[in-house]
Amino acid sequence: MNQSSSSTAPSHPSSSGVKSPEKHSRSAARIASVQALYQMETADTGVARIIEDFTTYWMVGTPQPTDDDGAAPLDLRHADQDLFTRIVRGVVDTQTRIDPYLERQLAKGWTLKRLDATARAILRAAMYEIIREPDIPARVIIDEYINLSHAFFDGEEPKFINGVLDAAVRDARADEISS
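Every position in the sequence shown, counted from 1, becomes a number in the working numbering once 477 is added.
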C-alpha cells in the first residue's frame with residue numbers, strides 16, 4: 478500500500494447520493510464501526526467502552542457541523558445500532574479468523590500491522606460482514622466499504638482496499654462469487 482497519501486482521523490464523511498432510510502442507517506453504522514475500530518486501536522479503548530461511547534454520544538447527540546467544503550456529515554444519529562454493535566463486537570471476537578483472510582491477500586512480506594490503522598479498520602469491518610453476515614450480498618458489502626474508504630483516503634488506498642476485499646471474498650464466499 479502506498480503510504481505516501483495520508484489517511485485522516487475518522488470524521489463524519491459526507492454522504493453521497495440519495496439513500497433509503499434503511500440503507501442510510503446501515504451506511505451510518507458501517508462508518509461508525511470503522512471509526513470505533515480505529516479509535517479502539519489508536520487510543521487502546523476496550524470494546525464495551527467504545528460501544529457505550531458511540532451509542533450514548535455519537536449516535537444520539539446533535540448532528541456534526543458541515544465540513545470545510547460545506548458538505549453535510551453522515552448523521553450517525555440514524556445509524557443502525559444493532560449492526561454497529563455486531564460489527565464492532567464481531568471484529569473483536571473473530572479477529573483471529575478475519576486477519577488470516579486479509580493477510581493472504583497482501584503482497585509477500587506485508588502484514589496487516591504494516592497498513593494504516595484506518596485501512597485495517599475498514600478491511601476488518603468489511604471482512605467481518607463478509608464472513609458473518611451471509612444475508613448481505615458480498616458485492617453490497619464491498620461497494621459500501623469502497624465508498625466509505627473514499628471518505629478517509631484521497632490516494633490509491635480505496636483501490637488497494639477494493640483489491641484486498643475482492644480477493645478475500647473469493648476465498649470466503651467462493652460459491653457466491655462464482656455464481
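Ideal placement from N, C-alpha and C gives every residue a C-beta, glycine not left out.
Pairwise C-alpha distance: residue j and residue i
| i | j | result |
| --- | --- | --- |
| V569 | E633 | 27 angstroms |
| D666 | E580 | Lying outside 478 to 656, the shown extent of the chain, residue 666 is not represented and no answer is given. |
| E518 | M536 | 20 angstroms |
| R574 | A513 | 20 angstroms |
| N624 | D576 | 22 angstroms |
| D631 | A594 | 15 angstroms |
| R507 | T522 | 19 angstroms |
| R601 | D557 | 18 angstroms |
| P611 | A525 | 25 angstroms |
| I527 | Q516 | 8 angstroms |
Residues of its chain near residue i, where Cβ-Cβ distance is below 8 angstroms and the 5 sequence neighbours each way are ignored
| i | result |
| --- | --- |
| H555 | P498, H501, S502, A505 |
| R609 | R563, G567, T571 |
Beta-carbon contacts of residue i that lie in its chain and below 6 angstroms, excluding the five residues immediately before and after
| i | result |
| --- | --- |
| L642 | A603, I619 |
| S510 | F561, I564, V565, A602 |
| H627 | P635 |
Cβ-based burial, residue i [other Cβ within 10 Å; buried from 16]
| i | result |
| --- | --- |
| Y534 | exposed |
| I654 | exposed |
| E529 | exposed |
| A520 | exposed |
Near the ligand NAP: residue i beta-carbon under 7 angstroms from a heavy atom
| i | result |
| --- | --- |
| T533 | As for the ligand NAP, it is missing from this structure, which has no ligand bound. |
Contact set for residue i: own chain, Cβ-Cβ below 7 angstroms, skip 5 residues either direction
| i | result |
| --- | --- |
| Y605 | I564, G567, V568, T571, I575 |
_With a threshold of 8 angstroms, are at least 3 pairs of Cβ atoms found where one atom belongs to the segment 610 to 621 and the other to the segment 579 to 594?_
Per the Cβ contact rule, the segment 610 to 621 is not in contact with the segment 579 to 594 (fewer than 3 Cβ pairs under 8 angstroms).
*Which runs of the alpha helix (DSSP H) fall wholly inside the segment 606 to 632 and span at least 4 residues, in chain order?*
DSSP runs (the alpha helix (DSSP H)) wholly in the segment 606 to 632: 615 to 629.
*asked:* Please give the ranges of any alpha helix (DSSP H) in the segment 531 to 602, keeping only runs that are unbroken, at least 4 residues long and fully inside the region.
replied: List check, alpha helix (DSSP H) in window: 558 to 580.
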